[in-house]
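**Student:**
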Amino acid sequence: MTRRGIPLGIVAVLLALFPITARAQTAPARDFLNTPVNAARFFLDFINTTTVTAPESDLPLPNNEALSGLGVATILYSYPLGARYGGIGLTGGRGTVRVKSGAGYLDASGFTDPAISIHANIFGAPALRADQFASAIPQTSSGFHLTINAPLGSYDPAAPVNVGSNRWAFAPLVNLSITPDKGASWIDLYAGGRFFTNNNSFQGNKQLSQDPLGALTAHYSHNIGKKMYASIGVYYDFGGETFVNHVPQHDTANGFRPGVAVSGLIGAIRLVLRYDNTASTPNAAPTNGLWSLRIAGPLF
Numbered sequence: 007m008t009r010r011g012i013p014l015g016i017v018a019v020l021l022a023l024f025p026i027t028a029r030a031q032t033a034p035a036r037d038f039l040n041t042p043v044n045a046a047r048f049f050l051d052f053i054n055t056t057t058v059t060a061p062e063s064d065l066p067l068p069n070n071e072a073l074s075g076l077g078v079a080t081i082l083y084s085y086p087l088g089a090r091y092g093g094i095g096l097t098g099g100r101g102t103v104r105v106k107s108g109a110g111y112l113d114a115s116g117f118t119d120p121a122i123s124i125h126a127n128i129f130g131a132p133a134l135r136a137d138q139f140a141s142a143i144p145q146t147s148s149g150f151h152l153t154i155n156a157p158l159g160s161y162d163p164a165a166p167v168n169v170g171s172n173r174w175a176f177a178p179l180v181n182l183s184i185t186p187d188k189g190a191s192w193i194d195l196y197a198g199g200r201f202f203t204n205n206n207s208f209q210g211n212k213q214l215s216q217d218p219l220g221a222l223t224a225h226y227s228h229n230i231g232k233k234m235y236a237s238i239g240v241y242y243d244f245g246g247e248t249f250v251n252h253v254p255q256h257d258t259a260n261g262f263r264p265g266v267a268v269s270g271l272i273g274a275i276r277l278v279l280r281y282d283n284t285a286s287t288p289n290a291a292p293t294n295g296l297w298s299l300r301i302a303g304p305l306f
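Read in the working numbering, the sequence shown has 16 at position 10, and its numbers run on one by one without any break.
The following block contains the structure:
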């Protein structure tokens with residue numbers, strides 16, 4: 007098997023649906039709740055994902071499996087935006103990808119595309135300092151979030167599988183976080199999309215383009231004592247078909263992904279363990295599974 011001999015459809019599926027390129031659309035419960043302003047926090051995410059094409063798929067080689075492992079670091083600085091909450095985050099990471107098919111294995115490792123995220127409250131999240139935050143009563147809020155990925159990750163135009171994507175991606179998202187009981191439980195509703203520029207160096211000099219990829223998310227979470235919470239939720243992914251030299255790859259996303267998570271606070275450090283997997287999808291659409299561990303805490 008030669009690297010050039012891998013069907014384009016496999017690669018297009020990975021680029022369209024792999025959580026490497028869609029992290030902004032898989033936000034867990036309570037991901038956009040207010041934090042103190044004039045402060046910085048860190049987030050370390052360790053992520054393992056599995057993507058499988060369906061046996062009934064009309065892609066060139068069905069029953070392909072792709073495994074990835076990621077380590078991602080984010081620094082978030084929160085600041086007053088007028089009288090409301092605002093924030094800016096910088097993200098970078100490193101990952102490995104292994105594609106298993108009937109023809110053999112393909113591996114890639116390197117740096118992911120770095121990202122900058124901008125957060126702006128719409129209503130319900132006032133700018134609170136740390137000394138004010140502990141006594142504040144949580145309230146229903148909404149915000150706008152924009153993540154921009156730059157094409158600076160590891161990329162080899164001759165390789166069929168890469169960690170970097172060699173294209174820009176723009177992911178706007180709006181959240182509505184509802185609490186009926188002053189923060190004991192939350193209902194989180196997210197609506198987001200991901201928009202891509204073209205990769206004009208795909209497997210040499212081919213052009214890879216992609217339709218917008220959308221996601222709707224709903225989570226319910228509830229406190230367990232004073233330091234823990236558990237959540238259940240569901241994601242609906244749609245769109246995102248890829249094209250190689252304008253030829254469609256028949257890899258449109260259209261499926262539901264239920265998910266669960268549990269979180270606990272150890273001192274000032276919060277741990278979040280999360281799992282989600284595809285439950286419903288048309289025959290030709292790939293499935294996606296994800297395990298992740300998040301470690302988060304204050305920098306200052």
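Note that beta-carbon positions come from the ideal geometry of N, C-alpha and C, so glycine has one too.
Along the chain, where does the beta strand (DSSP E) that runs through A114 open and close?
**Tutor:** Indexing the sequence shown from 1 puts residue 114 at position 108. Unbroken beta strand (DSSP E) run through A114: 110-117.
**Student:** Taking the C-alpha atoms as reference points, what is the distance between I122 and G110?
**Tutor:** In the sequence shown, residue 122 corresponds to position 116, counting from 1. In the sequence shown, residue 110 corresponds to position 104, counting from 1. One C-alpha to the other measures close to 36 Å.
**Student:** What separation, rounded to the nearest whole angstrom, lies between the Cα atoms of A30 and T223?
**Tutor:** Sequence index remark: in the sequence shown, residue 30 carries index 24 (1-based). Sequence index remark: in the sequence shown, residue 223 carries index 217 (1-based). Residue confidence for A30 is low, a pLDDT of 40 falling below 50, so the modelled location carries little weight and cannot support an answer.
**Student:** Does the Cβ-Cβ distance between G170 and D137 come in under 7 Å?
**Tutor:** Taking the first residue of the sequence shown as 1, we reach residue 170 at position 164. Taking the first residue of the sequence shown as 1, we reach residue 137 at position 131. Not in contact: G170 and D137 (Cβ atoms no closer than 7 Å).
**Student:** Between H151 and the rest of its own chain, which residues show a CB-CB distance below 6 Å, the 5 nearest in sequence each way excluded?
**Tutor:** In the sequence shown, counting from the first residue as 1, residue 151 sits at position 145. The answer, listed in chain order, is H125, L179.
**Student:** Quick check on the DSSP output: the beta strand (DSSP E) that includes Q216 runs from which residue to which?
**Tutor:** Sequence index remark: in the sequence shown, residue 216 carries index 210 (1-based). Unbroken beta strand (DSSP E) run through Q216: 212-216.
**Student:** Rounded to whole angstroms, what's the CA-CA distance from V167 to F38? Just pull it up for me.
**Tutor:** Within the sequence shown, numbered from 1, the residue matching residue 167 stands at position 161. Within the sequence shown, numbered from 1, the residue matching residue 38 stands at position 32. Distance between the alpha carbons of V167 and F38 is about 32 Å.
**Student:** Under the assumption that A259 contacts G246 (Cβ atoms under 8 Å), give the Cβ distance between them as a whole number of angstroms.
**Tutor:** Start at 1 with the first residue of the sequence shown, and residue 259 comes out as number 253. Start at 1 with the first residue of the sequence shown, and residue 246 comes out as number 240. About 5 Å separates the two Cβ atoms, so the contact holds.
**Student:** Which residues does DSSP list as the beta-bridge partners of D243?
**Tutor:** Position 237 of the sequence shown, counted from the start, is the residue given in the question as residue 243. Per DSSP, A221, G261.
**Student:** Starting from D51 and walking both ways along the beta strand (DSSP E), at which residues does that stretch end?
**Tutor:** Along the sequence shown, read from residue 1 onward, the residue named residue 51 stands at position 45. Here the beta strand (DSSP E) through D51 covers 45-58.
**Student:** Using only the alpha-carbon positions, how far apart do W297 and G239 sit?
**Tutor:** What you label residue 297 is simply residue 291 of the sequence shown in a count that begins at 1. What you label residue 239 is simply residue 233 of the sequence shown in a count that begins at 1. If you take the alpha carbons of W297 and G239, they lie about 14 Å apart.
**Student:** Identify whether A175 lies in helix, strand or coil by the three-state DSSP scheme.
**Tutor:** Reading the sequence shown from its first residue, position 169 is the one you call residue 175. Three-state result, A175: strand.
**Student:** Note down the Cα distance separating V103 from A72, rounded to an integer number of angstroms.
**Tutor:** As a working mapping, residue 103 is identified with position 97 in the sequence shown. As a working mapping, residue 72 is identified with position 66 in the sequence shown. Those two C-alpha atoms are separated by around 7 Å.
**Student:** Do V250 and K212 have their beta-carbon atoms positioned less than 7 Å apart in this structure?
**Tutor:** For the purposes of this step, residue 212 is taken as the residue at position 206 of the sequence shown. For the purposes of this step, residue 250 is taken as the residue at position 244 of the sequence shown. The answer is yes: Cβ separation under 7 Å.
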